[in-house]
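Taking it in order: structure first as structure tokens, then the write-up.
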Amino acid sequence: QKEVEQDPGPLSVPEGAIVSLNCTYSNSAFQYFMWYRQYSRKGPELLMYTYSSGNKEDGRFTAQVDKSSKYISLFIRDSQPSDSATYLCAMSEVAAGNKLTFGGGTRVLVKP
Amino acid sequence: DGGITQSPKYLFRKEGQNVTLSCEQNLNHDAMYWYRQDPGQGLRLIYYSQIVNDFQKGDIAEGYSVSREKKESFPLTVTSAQKNPTAFYLCATSDARSGANVLTFGAGSRLTVL
């Protein structure tokens, strides 16, 4: 079993819909939780990160962490065709040198 | 124009050949990383370096080698010992002062073994 699980998709939604992405993990010591966006044949870019539990909002993006369930989510409101990409979750444990463990990524397609 | 430059973008290799992927950064970040990405498997850490002249093996270091002679440069050599080298290779950096270890990635190099 992988340490971080992420549904590979593809997840297809109409433009304007809410995109809901999630990751589950097994290591309860993870403290930092990140979401990266990766366009085809490009390197990932950081969308946002959170420390420990709670919510964080940045424009159309909201990240949630539920440490009791070992579950994190990313919501994209008012989705646009430009949001079509692969979304990777990543998490780290400070005591382990903050080495990042990545999920496999979810491919999202927003149709006009 | 600050960032990370990876070259070449595409590379073809015959079996038995060593190839070197270049990674140069002008972000003044101390730490540099090499990841391998295969479809559906996420990013796997090959090697990382936190200071010049020092580097550590990641989770899948076998068949790879690196050097860190300058802060700006962290080349990766894929040797003939790597049994399945066809993949997308990503170089990344991080600022040691950042508590979250946020990575900044290059655009990647795609290696194909013929």
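Heads up: the sequence lines are chains A and B, in that order.
Numbered according to the working numbering, the first sequence spans residues 4 to 115.
Numbered according to the working numbering, the second sequence spans residues 65 to 178.
Glycine residues also receive a C-beta, built at the ideal position from the N, C-alpha and C atoms.
The beta carbon of B/Q120 sits closer than 8 Å to those of Y111, Y112, S113, Q114, all from its chain and outside the five residues before and after it, given in chain order. Contact of B/L91 with chain A is not assigned, every C-beta pair being separated by 9 Å or more. Counting other Cβ atoms within 10 Å of its Cβ, B/L175 reaches 16 or more and is therefore classed as buried.
In the DSSP assignment, A/G46 forms no beta bridge with any residue. Beyond the five residues adjoining it in sequence on each side, B/S131 comes within less than 7 Å, by CB distance, of P139 in the same chain, given in chain order. A buried status is given to A/I79, since no fewer than 16 other beta-carbon atoms sit within 10 Å of its beta-carbon. For B/S113, the enclosing beta strand (DSSP E) starts and ends at 107 to 115. Taking C-beta atoms as the reference points, A/Y39 and A/S95 fail to come closer than 9 Å. Looking only at A/L14, A/A20, A/D61, A/T27, the smallest Cα-Cα distance to A/Q4 is reached by A/T27. Out of A/G62, A/G57, A/S29, the CA that lies nearest to the CA of A/S76 is found in A/G57. Under the three-state reduction of DSSP output, A/D81 falls in the coil class, being neither helix nor strand.
Every unbroken stretch of the beta strand (DSSP E) spanning 3 or more residues and falling wholly within the segment 12 to 69 of chain A is given here in chain order: 14 to 17, 22 to 28, 35 to 41, 48 to 54, 57 to 61, 64 to 69. The count of Cβ pairs closer than 8 Å, one atom from the segment 43 to 51 of chain A and one from the segment 82 to 94 of chain B, stays below three, leaving the stretches out of contact. Considering only beta carbons, the part of the segment 94 to 109 of chain A lying closer than 9 Å to chain B consists of S95, V97, G100, N101, K102, L103, T104, F105, G106, G107, G108, in chain order. Counting along the chain, the unbroken beta strand (DSSP E) around A/F105 starts and ends at 103 to 105.
Distance between A/V111 and B/G67, taken at the CA atoms: about 26 Å.
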